[in-house]
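In what follows, a structure is listed as structure tokens, so that the remarks can point back to it.
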Amino acid sequence: MAARSTLRDDLSGDYELVKLLCEKGADVNARGSEGITALHEASVLGFDTIVQFLLDQGVQINARNDDGDTALHLASAAGCTAIVQRLLEKGADVNGRGHSGRVPLWYALQGGHDLVERLLLEKGADVSAQDQASMASARKLGAAVKLRREEKEGYSKT
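The sequence shown: position 29 = 49 (the numbering used here), numbered continuously.
In structure tokens, the structure reads:
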């Protein structure tokens, strides 16, 4: 089987292996099952060095999986702060919507990832975003952001 089809399948956190596969012609944008790319996989698993390498190789930063989610959605859901920051610095769409209409901020709030939430807000995340089922309506998303801020202020005062 050609090296092109193995990059995502062989992603185990081994930077040297990823580098070697790319040198042998692996396609950094190749998709596996469910439309998952190596960038999606590395982002959700917290492989920061590999994420940086893939970005340096010109990977499509806003590529979507079959659910319409990008690497930023997945890293936000997993609470991978360093990767979220790296993706944002490289131009990931902070308000990109998956097929459900959910934005990365929704996933950060859902997972209770305060640092990720703050990074997304600093980069212009839309607190009025709604998903298709209206489970994360503008009011609920805005209230969640406000509640988290109040909780943090309350904890720091005691």
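Quick reminder that beta carbons are idealized off the backbone N, C-alpha and C, glycines included.
Where do the ends of the alpha helix (DSSP H) carrying residue i lie?
i    : result
R138 : D134 to E142
T101 : T101 to E109
L125 : P124 to G131
F73  : D68 to D76
K37  : It is worth fixing the name first, because residue 37 is Leu in this sequence and not Lys. First-last of the alpha helix (DSSP H) with L37: Y35 to E43.
H60  : A58 to L65
Take residue i as the anchor and find which of the options has the nearest alpha-carbon.
i   : options                   : result
I95 : Q72, V165, V64 and I56    : One point to set straight first is that residue 95 is Ala, not Ile, in the sequence displayed. Selected option, being the one with the closest Cα: V64.
A98 : Q105, G121, A128 and A149 : A128
V38 : R122, R51, A62 and S53    : A62
Report buried or exposed for residue i, applying the criterion of at least 16 other Cβ atoms within 10 angstroms of its Cβ.
i    : result
G78  : exposed
L135 : exposed
L40  : exposed
Please look up how many angstroms separate the CB atoms of residue i and residue j, rounded, as I've assumed it's under 8 Å.
i   : j    : result
L74 : V104 : Rounded, the Cβ-Cβ distance is 15 Å, inconsistent with contact.
A58 : L31  : 5 Å
Indicate whether residue i and residue j have their beta-carbon atoms separated by less than 8 Å.
i   : j    : result
N49 : Q80  : yes
D87 : H133 : no
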